[in-house]
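Notes follow once the structure below has been shown.
There are 2 protein chains.
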Amino acid sequence: MLSAEIIAIGSELLTPTKTDTNSLWLTEKLNEIGIDVKLKTVVGDDELRLEEAVKDAIKRSDVIITTGGLGPTEDDITRTVTANAVGRELLYHNELENELRERFLGMGREMPEINKRQAFIIEGARILPNPNGSASGMLVEVGEKFLAVLPGPPRELKPMFENHVLPELSKLRGGVVFRKQILKVSGMGESAIDEAIAPIYSSYEKVRTSILFNKSDVEVHLTAQASSAREADILNNEIAQKIVRALGNAVFSTKGEEMEEVVGNLLKKMGKTLSTAESCTGGLIAGRITEVSGSSAYFIEGAVTYSNDAKMRTLNVPAEMLEKHGAVSAEVAEAMARGMRERARTDYAVAVTGIAGPDGGTEEKPVGTVYIGYADEDKVTSRKIIFPGDRYLIRWRTSQAALEILRRNLIKGQNE
Amino acid sequence: MLSAEIIAIGSELLTPTKTDTNSLWLTEKLNEIGIDVKLKTVVGDDELRLEEAVKDAIKRSDVIITTGGLGPTEDDITRTVTANAVGRELLYHNELENELRERFLGMGREMPEINKRQAFIIEGARILPNPNGSASGMLVEVGEKFLAVLPGPPRELKPMFENHVLPELSKLRGGVVFRKQILKVSGMGESAIDEAIAPIYSSYEKVRTSILFNKSDVEVHLTAQASSAREADILNNEIAQKIVRALGNAVFSTKGEEMEEVVGNLLKKMGKTLSTAESCTGGLIAGRITEVSGSSAYFIEGAVTYSNDAKMRTLNVPAEMLEKHGAVSAEVAEAMARGMRERARTDYAVAVTGIAGPDGGTEEKPVGTVYIGYADEDKVTSRKIIFPGDRYLIRWRTSQAALEILRRNLIKGQNE
Numbered sequence: 138m139l140s141a142e143i144i145a146i147g148s149e150l151l152t153p154t155k156t157d158t159n160s161l162w163l164t165e166k167l168n169e170i171g172i173d174v175k176l177k178t179v180v181g182d183d184e185l186r187l188e189e190a191v192k193d194a195i196k197r198s199d200v201i202i203t204t205g206g207l208g209p210t211e212d213d214i215t216r217t218v219t220a221n222a223v224g225r226e227l228l229y230h231n232e233l234e235n236e237l238r239e240r241f242l243g244m245g246r247e248m249p250e251i252n253k254r255q256a257f258i259i260e261g262a263r264i265l266p267n268p269n270g271s272a273s274g275m276l277v278e279v280g281e282k283f284l285a286v287l288p289g290p291p292r293e294l295k296p297m298f299e300n301h302v303l304p305e306l307s308k309l310r311g312g313v314v315f316r317k318q319i320l321k322v323s324g325m326g327e328s329a330i331d332e333a334i335a336p337i338y339s340s341y342e343k344v345r346t347s348i349l350f351n352k353s354d355v356e357v358h359l360t361a362q363a364s365s366a367r368e369a370d371i372l373n374n375e376i377a378q379k380i381v382r383a384l385g386n387a388v389f390s391t392k393g394e395e396m397e398e399v400v401g402n403l404l405k406k407m408g409k410t411l412s413t414a415e416s417c418t419g420g421l422i423a424g425r426i427t428e429v430s431g432s433s434a435y436f437i438e439g440a441v442t443y444s445n446d447a448k449m450r451t452l453n454v455p456a457e458m459l460e461k462h463g464a465v466s467a468e469v470a471e472a473m474a475r476g477m478r479e480r481a482r483t484d485y486a487v488a489v490t491g492i493a494g495p496d497g498g499t500e501e502k503p504v505g506t507v508y509i510g511y512a513d514e515d516k517v518t519s520r521k522i523i524f525p526g527d528r529y530l531i532r533w534r535t536s537q538a539a540l541e542i543l544r545r546n547l548i549k550g551q552n553e
Numbered sequence: 138m139l140s141a142e143i144i145a146i147g148s149e150l151l152t153p154t155k156t157d158t159n160s161l162w163l164t165e166k167l168n169e170i171g172i173d174v175k176l177k178t179v180v181g182d183d184e185l186r187l188e189e190a191v192k193d194a195i196k197r198s199d200v201i202i203t204t205g206g207l208g209p210t211e212d213d214i215t216r217t218v219t220a221n222a223v224g225r226e227l228l229y230h231n232e233l234e235n236e237l238r239e240r241f242l243g244m245g246r247e248m249p250e251i252n253k254r255q256a257f258i259i260e261g262a263r264i265l266p267n268p269n270g271s272a273s274g275m276l277v278e279v280g281e282k283f284l285a286v287l288p289g290p291p292r293e294l295k296p297m298f299e300n301h302v303l304p305e306l307s308k309l310r311g312g313v314v315f316r317k318q319i320l321k322v323s324g325m326g327e328s329a330i331d332e333a334i335a336p337i338y339s340s341y342e343k344v345r346t347s348i349l350f351n352k353s354d355v356e357v358h359l360t361a362q363a364s365s366a367r368e369a370d371i372l373n374n375e376i377a378q379k380i381v382r383a384l385g386n387a388v389f390s391t392k393g394e395e396m397e398e399v400v401g402n403l404l405k406k407m408g409k410t411l412s413t414a415e416s417c418t419g420g421l422i423a424g425r426i427t428e429v430s431g432s433s434a435y436f437i438e439g440a441v442t443y444s445n446d447a448k449m450r451t452l453n454v455p456a457e458m459l460e461k462h463g464a465v466s467a468e469v470a471e472a473m474a475r476g477m478r479e480r481a482r483t484d485y486a487v488a489v490t491g492i493a494g495p496d497g498g499t500e501e502k503p504v505g506t507v508y509i510g511y512a513d514e515d516k517v518t519s520r521k522i523i524f525p526g527d528r529y530l531i532r533w534r535t536s537q538a539a540l541e542i543l544r545r546n547l548i549k550g551q552n553e
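Chains A and B are the protein sequences, given in the same order.
Residue numbering for the first sequence follows this note's numbering, beginning at 138 and increasing consecutively.
Residue numbering for the second sequence follows this note's numbering, beginning at 138 and increasing consecutively.
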């Protein structure tokens, strides 16, 4: 089994509030291809300590990954120090400087002179392109060892690792492959799920199963071990199908898709359209739906009717209804869904109104009280839920529940 | 300044889901008495790597803290390995074994034989009692260096550190306190900021400054060192004020506040109202604004006009304009802002339209092209920006830029 070490670089990672989360993601990716992480180091902008850490790592381990410290300022020491640690020069690459200049011009700015530093690359290293930032990565072979020098921001590091480092490392591995598959389940607790699926997963020796709670839902993680990716995928799929048979529609995702993707795929397949009307979630539902690329095919319009005036003006909620039942009520949630569907002329509409807190709760309607409205061509319904959690969680759980109600109705609609 | 290293021991800390949180707490405690954490290591139950880690740490740093690996089983290797690393014997302590036996009897159980291991202590070490568990800690002086060997469970580690290690370390120190303050800057790069403020921060010996890029903005982290928290805060404030004078309105936050809080506070103070109209961000801007508790005081309504129909229907964008200039244009961004402001009768409105990708880009308008519209009672304006990044980042950066344009206008309005 190959061994890896991860070195996270940056003084901010040595403060009481920052953890190195990149290494968790990297560990997962490395484990999936059968590489064991043996040691993790967090080091500040400290040349001596960093150089020693890199040298030790190269002595001890097969794969060394550094993250961070590739910015343009003086305390970004990774380029210089890793070059020293492997005993090579830093070479200036004119084409990298030109790319950087163009990048800055594209943002309407001149490239500051100090960014030139980012055009220096360790002698003999492969340059790893960074479409999401100005710091290129490097892949250096040191004898039989691999040193990958990656930028710190996760949005830059992850695609760079997946597209350029992982394929190289996978080549090193013959034998065993690990593949992961994630199922997501809505509306059931961890223990109920475990009871239902333990008889299934416990008969598979080559698949590791873990059950995790995540904000609103429960995830079932399957990690199959086999001699090829294809074989491992077949194994995962087999057990996933059995789990779906056991849990039914509660499984909303079998390949790790987010709820907004699942709903989007259903709408696209059915050729139907959607609109949303939001009060307490303030645009979060529309934001999640449109996070999915291609959502313009089915998402027509959203309204964030935060004030009562907006509810009346845009969704035709009657003033007397707001007066009589309050903005947070089943009647208003239904009127919002109906009004939105009519306004945007869509097949489906969902609406939410509630109290996200921390203020605004009453004895009758405590913080976390939410009404979710739903409208299609046949009916208008609503559901009351009281969510636990802080403002962030209440809003997130509300958005998830609204999408789940939509999903269940879409599945019914599809089967009719 | 004394330096410290923390070594977390245990293979479970090298899995994709576990982080070493003890080190955050320890870092905070150490910083409070003016000890800097220079390096953190996470190592599994691996004798060679652990011994090397401890030896390196003792060479480099003044205070070394290990956590974990003091249990009774065979993979609890910390006792043996730390003893080897400092070149001393493990000595059996009869009184510790007796205490352990009594402890087990108190729980109605016989002490298992393997727990005898926990009665071995490094020669010359001070024994640190553990009222919450069976593993004693150790405090070893190695020349002028301090090595503290602590158990992993936080409820055992924390009281042991506070009651027995901290007092010893405080004696080494005069009574120095560290405090942190975060400034956030919009519209300037890391390097331009560094150029502008290096003359300020470099004249403060007692304040450590670091400059970090974070998605759209740059953060300036100040960490002041003084003999009391009040003094350190005064020092931070002094340098923060000088930075604000140097960078002007580009500093949008001096106490770490998010952009949506800053804008919300300005609106609240001015007693003004806001509405939003979004295309490519799909509700993200409204979502961020309403993430702030109390935002109903100034946020009236948002529209997510994803389709052209919605732009016409809800924002009165003329069909001919959409036809002639396209939905992603300065004209439409301005019409959206104007239409939203009129619709919701608010003092201010911001609007965005753009191409978040990955599809939909053209040569003339590549992915990342965004127009941000702004309307107040005097004027309607727009600005074009081309953002780098993936769909997520383009959307996020667009939302940040829209809020920033609003903020700059609010500040102007406030000063008029």
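We put the CB at the ideal spot given by N, CA and C, even for glycine.
Note that the structure is predicted; figures quoted are calculated from it, not measured.
### Under 7 Å by beta carbon: chain A residues contacting PRO153(B)
Taking the second sequence and counting its residues from 1, the one referred to as residue 153(B) is at position 16. Neighbours of PRO153(B) on chain A, chain order: LEU161, THR164, GLU165 and ASN168.
### Task
Spell out a yes or no on whether the region 230-246 of chain B and the region 164-174 of chain B are touching, meaning 3 or more CB-CB pairs, one atom from each, closer than 8 Å.
no
### Message
Check whether chain B comes within 7 Å of LEU547(A), counting only Cβ atoms and requiring the distance to be less than that.
### Response
The residue you call residue 547(A) lines up with position 410 of the first sequence. Taking Cβ atoms only, chain B never reaches closer than 7 Å to LEU547(A), which makes this a no.
### Message
Please confirm whether GLY420(A) has its beta-carbon closer than 7 Å to some beta-carbon of chain B.
### Response
Sequence index remark: in the first sequence, residue 420(A) carries index 283 (1-based). By this cut-off, GLY420(A) is an interface position.
#### Entry: Contained beta strand (DSSP E) runs [length at least 3] in the region 350-395 of chain A, N- to C-terminal order
354-363 and 388-390
### Message
Please identify the residue among ARG475(A), GLY270(A), PHE350(A) and SER432(A) whose C-alpha is closest to the C-alpha of ARG292(A).
### Response
As a working mapping, residue 292(A) is identified with position 155 in the first sequence. Considering only alpha carbons, the answer is GLY270(A).
### Message
Considering only the alpha carbon of each residue, which of GLU184(B), GLY420(B) and VAL302(B) lies closest to LEU557(B)?
### Response
Residue 557(B) is absent from the structure shown; chain B starts at 138 and stops at 553.
### Query
In this structure, does DSSP put LYS405(A) in helix, strand or coil?
Stepping through the first sequence from its first residue, residue 405(A) is reached at position 268. Annotated three-state conformation of LYS405(A) is helix, per DSSP.
### Task
Locate the alpha helix (DSSP H) running through TYR563(A), then write down its first and last residues.
One cannot answer for residue 563(A) here, as it falls past the ends of chain A, which runs 138 to 553.
### Query
Is it right to say TYR229(A) is buried, meaning 16 or more other beta carbons lie within 10 angstroms of its own, or is it exposed?
Here residue 229(A) is taken as the residue at index 92 of the first sequence, counted from 1. A residue is called buried when at least 16 other Cβ atoms come within 10 angstroms of its Cβ; TYR229(A) does not meet this threshold and is exposed.
### Message
Classify LEU150(A): buried if its beta carbon has 16 or more other beta carbons within 10 angstroms, exposed otherwise.
### Response
As a working mapping, residue 150(A) is identified with position 13 in the first sequence. That one is buried.
### Distance, THR535(B) Cα to GLY505(B) Cα
Taking the second sequence and counting its residues from 1, the one referred to as residue 505(B) is at position 368. Taking the second sequence and counting its residues from 1, the one referred to as residue 535(B) is at position 398. If I take the Cα positions, the gap works out to 9 Å.
### Message
Check this for me: beta carbons of ILE195(B) and ILE202(B), under 7 Å apart or not?
### Response
Numbered from 1 along the second sequence, position 58 holds the residue referred to as residue 195(B). Numbered from 1 along the second sequence, position 65 holds the residue referred to as residue 202(B). No, Cβ-Cβ distance for ILE195(B) and ILE202(B) is not below 7 Å.
### Task
Taking only the alpha-carbon atoms, compute the straight-line gap between SER416(B) and LYS521(B) and give it to the nearest angstrom.
One-based indexing of the second sequence puts residue 416(B) at position 279. One-based indexing of the second sequence puts residue 521(B) at position 384. For SER416(B) and LYS521(B), the distance between alpha carbons rounds to 15 Å.
### Residues of its chain near LYS192(A), where Cβ-Cβ distance is below 7 Å and the 5 sequence neighbours each way are ignored
Along the first sequence, read from residue 1 onward, the residue named residue 192(A) stands at position 55. Here the set comprises ALA222.
### Query
In the region 235-292 of chain B, which residue ranges form an unbroken beta strand (DSSP E) of at least 3 residues, counting only runs that do not cross its ends?
257-259, 263-265, 274-279 and 282-287
### Message
If you follow the alpha helix (DSSP H) that ALA481(B) is in, where does it begin and where does it stop?
### Response
The residue given as residue 481(B) occupies position 344 in the second sequence. Per DSSP, ALA481(B) belongs to the alpha helix (DSSP H) from 467-481.
### Query
Looking only at its own chain, which residues have a Cβ that is under 7 Å from the Cβ of ALA333(B), when we skip the five neighbours before and after it?
Position 196 of the second sequence holds residue 333(B). The residues are ALA383 and LEU384.
### Query
Do the region 433-442 of chain A and the region 431-443 of chain B meet, that is, are 3 or more Cβ pairs less than 8 Å apart?
yes
### Query
Can ASN267(A) and MET248(A) be called in contact, C-beta distance under 7 Å?
Within the first sequence, the letter at position 130 stands for residue 267(A). Within the first sequence, the letter at position 111 stands for residue 248(A). No, these two residues do not count as a Cβ contact at 7 Å.
### Query
Going along the chain, which residues of its own chain have a beta-carbon closer than 7 Å to the beta-carbon of ALA456(B), five neighbours each way excluded?
Counted from its first residue, the second sequence places residue 456(B) at position 319. Cβ neighbours of ALA456(B) beyond the five flanking positions: MET449.
### Query
Within 7 Å (strictly less), CB to CB, does LEU540(A) reach chain E?
Absent from the structure is chain E; the protein chains it does hold are A and B.
### Task
Taking C-beta pairs closer than 8 Å, name the residues in chain B that GLY243(A) reaches, listed in chain order.
One-based indexing of the first sequence puts residue 243(A) at position 106. ILE523 and PRO525, listed in chain order.
### Query
Using the rule of at least 16 other Cβ atoms within 10 Å of the residue's Cβ for burial, across every protein chain shown, is GLN551(A) buried or exposed?
In the first sequence, counting from the first residue as 1, residue 551(A) sits at position 414. The C-beta of GLN551(A) has fewer than 16 other C-beta atoms within 10 Å across all chains shown, which makes the residue exposed.
### Message
Taking the beta carbon of SER365(B) as the centre, do at least 16 other beta carbons fall within 10 Å, making it buried, or is it exposed?
### Response
Locating residue 365(B) in the second sequence gives position 228, counting from the first residue. SER365(B) is exposed by the Cβ-count criterion.
### Message
On the DSSP letters alone, give me the boundaries of the beta strand (DSSP E) that THR203(A) sits inside.
### Response
Residue numbering aside, residue 203(A) sits at position 66 when the first sequence is read from its first letter. Run containing THR203(A): 200-204, per the beta strand (DSSP E) assignment.
### Query
If contact means a Cβ-Cβ distance below 9 Å, which residues of the region 282-313 of chain B contact chain A?
none
### Message
For ASN159(A), count the other beta carbons within 10 Å of its own beta carbon; 16 or more makes it buried, fewer makes it exposed. Which is it?
### Response
Numbered from 1 along the first sequence, position 22 holds the residue referred to as residue 159(A). The residue is buried, with at least 16 neighbouring Cβ atoms inside 10 Å.
### Task
Please name the residues in the region 168-202 of chain B whose beta-carbon is closer than 7 Å to at least one beta-carbon of chain A, in chain order.
ASN168, VAL174, LYS175, LEU176, LYS177, THR178, VAL179, VAL180, GLY181, ASP183, ARG186, GLU189, ASP193 and ARG197
### Query
Who are the Cβ neighbours of PRO290(A) in its own chain at under 8 Å, not counting the five residues just before and after it?
Residue 290(A) sits at position 153 when you count from the first residue of the first sequence. Only ASN269 and GLY270 meet the Cβ criterion.
### Query
Expressed to the nearest angstrom, what Euclidean distance is found between the alpha-carbon atoms of VAL399(A) and GLU375(A)?
Position 262 of the first sequence holds residue 399(A). Position 238 of the first sequence holds residue 375(A). Each residue's alpha carbon lies about 21 Å from the other.
### Task
Can you give me the Cβ contacts of LEU227(B) inside the same chain, cut-off strictly under 8 Å, excluding the 5 residues immediately before and after it?
If you number the second sequence from 1, residue 227(B) lands on position 90. Hits under 8 Å: ARG216, THR217, ALA220, PHE257, ILE258, ILE259 and GLU260.
### Query
Taking only beta-carbon atoms, is ILE437(A) less than 7 Å away from chain B?
Position 300 of the first sequence, counted from the first residue, corresponds to residue 437(A). Yes, because at least one Cβ of chain B sits closer than 7 Å to the Cβ of ILE437(A).
### Message
Please report whether the beta-carbon of VAL400(B) lies at a distance below 7 Å from any beta-carbon of chain A.
### Response
Locating residue 400(B) in the second sequence gives position 263, counting from the first residue. Cβ-Cβ to chain A under 7 Å: no for VAL400(B).
### Task
Could you please tell me which residues of the region 352-371 of chain A, in chain order, have their CB closer than 7 Å to any CB of chain B?
none
### Query
From what residue to what residue does the beta strand (DSSP E) around ARG316(A) run?
Taking the first sequence and counting its residues from 1, the one referred to as residue 316(A) is at position 179. 314-322 is the extent of the beta strand (DSSP E) around ARG316(A).
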